[in-house]
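Numbering (the numbering used here), first residue to last: 2 to 980.
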């Protein structure tokens with residue numbers, strides 16, 4: 002294939018050419034006139050399986066021929082001739098071994114890192130080990146680093162790095178990276194002893210890893226070996242190549258890896274040959290981008306080389322610059338352009354490392370029924386099987402909550418083994434029960450008792466299934482062998498997925514994502530013996546990390562011409578339109594990940610890869626992608642949090658064009674922005690909705706027959722302040738849905754403290770010597786322990802009660818001098834016969850004095866209403882006094898009320914008397930009669946938020962009333978309803 006050469010063979014192709022197609026074309030040219038078997042003798046080594054598939058697809062298109070041997074760089078060492086090398090340790094096994102060591106280290110030194118970072122620390126430490134072995138850096142090199150300015154940080158890190166020595170220095174099985182380097186070194190030794198006579202080509206790799214570059218150097222020096230580099234910048238002057246020598250300054254340049262490779266091969270820039278004569282899609286654009294991306298210390302060359310650029314208008318005529326106000330508009334504009342490409346039969350690819358943006362674009366295209374072909378797929382932990390496995394792993398961490406229970410029961414994989422309809426029906430009934438009655442932390446006996454009261458034929462089996470597999474699984478801080486944990490986890494997940502009457506795992510493993518999840522968990526099960534003992538929280542973290550590192554392709558049929566690629570694929574695939582999206586700092590390029598082990602200077606000292614390497618590779622991907630025939634550059638000006646910073650590469654390109662007005666650069670830049678603005682306007686038009694008039698302030702007027710004929714005394718306050726709430730509750734019969742997780746709110750506190758005071762008064766009313774603060778607190782502790790499962794709330798409520806306990810006992814003894822406690826939580830009903838209306842009430846406490854007169858008390862855990870508020874709005878005590886005189890309470894006959902008061906239990910205690918003298922019972926009853934009569938008039942509307950105590954007070958039905966589209970200054974809109 003090649004003539005002899007005095008130096009290593011290094012070929013390249015410029016950005017903007019279809020690399021796989023030209024690779025094949027170059028091979029064909031060099032084998033012209035050779036027999037058919039000559040191609041079969043070629044050994045072609047590529048960097049990714051995607052590249053290998055693309056080459057095979059192109060060759061399969063014809064004509065028929067023998068094909069070369071295609072392998073990956075990572076396949077070296079997997080053939081039989083290297084069978085003497087021991088097999089590598091599975092990566093998961095090594096991480097599990099590291100987890101044990103790091104866990105013990107954290108137990109000894111908890112201040113080093115939180116336990117939640119256990120797997121991430123093991124993963125990053127394993128990555129450091131792989132990098133050290135791949136780059137040929139021994140642990141002794143790390144020990145010899147100059148750390149005089151690193152203070153205590155280095156000592157903390159040394160505790161972790163000593164773990165590395167236990168593996169890199171061991172004589173056991175090698176890691177994957179270590180074995181790969183050994184395999185490459187072995188192959189190189191054999192090639193040096195007996196060089197292969199057949200052609201050996203490495204194509205598509207940039208040599209960014211030490212082991213890979215070692216192999217590339219050896220291949221380039223073979224008699225029939227050659228390297229073919231993608232995206233090589235032939236437009237960069239020799240002087241610029243020479244300025245890339247310092248990696249601390251130049252590692253982030255797109256061509257730095259090629260400079261390092263040439264230097265290792267002792268080649269000059271002019272000794273890099275073109276693989277074929279294929280011209281890039283736009284040579285003028287390549288020159289412009291090459292100048293724009295010059296190393297930072299050499300950007301002063303813009304003044305000298307910039308005026309030499311010609312035809313900037315032609316270079317940028319197929320480039321669109323779209324700067325959207327937000328990521329949503331960016332995604333929508335991209336989706337519209339991809340839709341047009343689909344209609345026109347144009348192959349279009351979206352390239353971005355921002356997975357959030359790709360999901361938004363996919364969602365936007367769903368409105369047109371277009372599903373892009375996403376090469377990355379969906380992270381496994383976000384698939385239905387992945388989510389269920391994570392939820393089940395969390396069952397062993399902490400006490401089961403009602404929220405966690407319902408989350409699992411509503412999962413699409415749960416009870417998928419059969420009778421899912423009945424399962425969903427019972428789930429709905431259980432949810433309503435938990436919302437209304439609790440408990441917030443359901444136990445097995447709570448579930449079985451509820452199921453026993455149901456008449457559904459599956460309820461009993463279903464309740465037992467829940468009690469067995471979901472309730473009582475929490476293990477706290479107990480450690481168990483990882484093998485046991487995995488077995489329990491999988492058994493529980495399969496039982497939950499199967500259902501109460503199925504012996505199978507349901508649909509958990511049936512689809513592609515399920516099979517991927519099963520393979521991942523099977524790998525964990527196979528290696529679990531190396532994981533030692535583990536806590537439930539650590540196991541849940543491990544499962545989350547393992548699942549999140551796997552991806553599943555969407556099984557649905559995707560559009561063949563609308564593609565979503567990662568940045569690496571730009572060098573492999575060919576498309577007519579490339580959309581480079583998310584071009585903001587932190588997104589593309591991504592911000593370097595913080596290294597918990599070695600800083601930038603120490604990495605350079607040790608000979609490890611610098612953080613800027615990833616930026617340089619991303620810059621190289623960008624340089625190749627922007628060289629396509631038609632290109633979009635998109636970014637959002639603002640993210641959800643703040644203003645974004647434009648990607649450095651786009652910023653450089655803009656600055657270069659803007660500084661060349663005489664060459665047409667400023668006009669070309671304006672045209673790029675103009676094209677982008679046009680698509681943003683189209684996206685805005687797509688989002689435009691017809692203006693809808695704001696809803697008026699409602700005051701519905703239902704027929705008299707539908708208006709409430711029965712209210713409680715507490716609802717009279719609501720009828721006065723927010724009549725619409727009475728309409729929604731009693732006419733529309735809507736009830737606010739209780740929270741799934743009952744919280745220790747003011748309502749619960751009031752209920753519990755009412756019961757505490759009732760029992761305390763009942764127990765001590767015949768013996769004042771028992772009426773002590775200590776006894777009150779003892780009763781409170783019993784009730785709080787029984788009714789309040791939140792330790793923090795119990796402690797807080799006990800503290801609040803203790804502050805008023807002494808005051809309450811003192812005032813209680815004074816109350817008993819006036820009257821004897823007689824009735825507690827007693828009900829009453831009073832009728833207004835003329836209006837066919839019933840008022841109901843439940844008095845907290847009624848005392849009787851020696852004359853038989855009533856003293857009515859109501860406990861308030863918050864601030865009790867003042868007398869003015871009671872007269873006009875909060876008429877509860879006044880109405881109870883009137884009802885006591887009209888119909889009595891419970892077994893108490895109607896009688897005179899001489900006193901009524903609120904007993905406030907907050908802020909040191911406070912007693913507020915009801916204004917019985919200013920508003921006697923007869924008068925308050927007349928006011929009530931007039932109020933009810935007015936609302937029985939069909940022309941009287943139930944106005945929303947008529948007289949709220951504070952304008953910011955929320956109402957249960959504000960959303961139904963569309964509050965916010967109107968305010969309290971708007972006039973009420975009366976409207977006949979229910980006619």
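Ideal Cβ placement from N, Cα and C applies to all residues, glycine included. The model shown is predicted, which means the values in this text are computed figures rather than measured ones.
Proximal residues to residue i (C-beta, below 7 Å), its chain only, five neighbours per side dropped
i           : result
residue 171 : Reliability fails at residue 171, whose pLDDT of 48 lies under 50, so the model's placement of it is uncertain and the value that follows must be treated cautiously. Closer than 7 Å at the Cβ level, and outside the excluded window around residue 171, lies no residue.
residue 449 : 464, 465 and 468
residue 343 : 371, 560, 562 and 563
residue 237 : 256 and 291
Residue i burial status per 10 Å Cβ neighbour count (16 or more: buried)
i           : result
residue 68  : exposed
residue 867 : exposed
residue 438 : exposed
residue 706 : exposed
residue 702 : buried
residue 277 : buried
residue 133 : buried
residue 246 : exposed
residue 966 : exposed
residue 614 : buried
Nonlocal neighbours in the same chain, by C-beta distance under 8 Å from residue i, ignoring five residues either side
i           : result
residue 850 : 819, 820, 821, 856 and 899
residue 916 : 868, 871, 872 and 879
residue 823 : 847, 848, 849 and 893
residue 814 : 769 and 772
residue 720 : 712, 727, 932 and 936
Within 8 Å, strictly: CB atoms of residue i and residue j
i           : j           : result
residue 387 : residue 500 : no
residue 632 : residue 393 : no
residue 858 : residue 724 : no
residue 681 : residue 634 : no
residue 484 : residue 518 : no
residue 653 : residue 585 : no
residue 275 : residue 316 : no
residue 442 : residue 726 : no
residue 21  : residue 59  : yes
residue 43  : residue 202 : yes
Sequence-distant residues of its chain with Cβ nearer than 6 Å to residue i (five each side left out)
i           : result
residue 123 : 96, 99, 100 and 103
residue 121 : none
residue 757 : 780, 781 and 784
residue 178 : 131, 134 and 135
residue 906 : 805 and 862
residue 326 : 638
residue 207 : 258
Identity of the residues DSSP links to residue i by a beta bridge
i           : result
residue 480 : 536
residue 374 : 564
residue 912 : 904
residue 587 : 591
residue 848 : 822 and 856
residue 266 : None; residue 266 has no bridge partner.
residue 827 : 844
residue 838 : 833
residue 711 : 839
Whole-number beta carbon distance between residue j and residue i, since they are thought to touch under 8 Å
i           : j           : result
residue 459 : residue 420 : 7 Å
residue 730 : residue 839 : 16 Å between Cβ atoms; not a contact.
residue 233 : residue 14  : 7 Å
residue 910 : residue 809 : 6 Å
residue 949 : residue 402 : Actually they are not in contact, since the Cβ atoms of residue 949 and residue 402 sit about 34 Å apart, beyond 8 Å.
residue 521 : residue 547 : 6 Å
residue 200 : residue 625 : Contact flag wrong, Cβ pair sits at about 25 Å.
residue 608 : residue 354 : The Cβ separation is near 27 Å, so there is no contact.
residue 537 : residue 495 : Contact doesn't hold; Cβ gap of about 19 Å is too wide.
C-beta neighbour in chain B for residue i, strict 8 Å
i           : result
residue 480 : Looking at the structure shown, chain B is missing, and only one protein chain is on hand.
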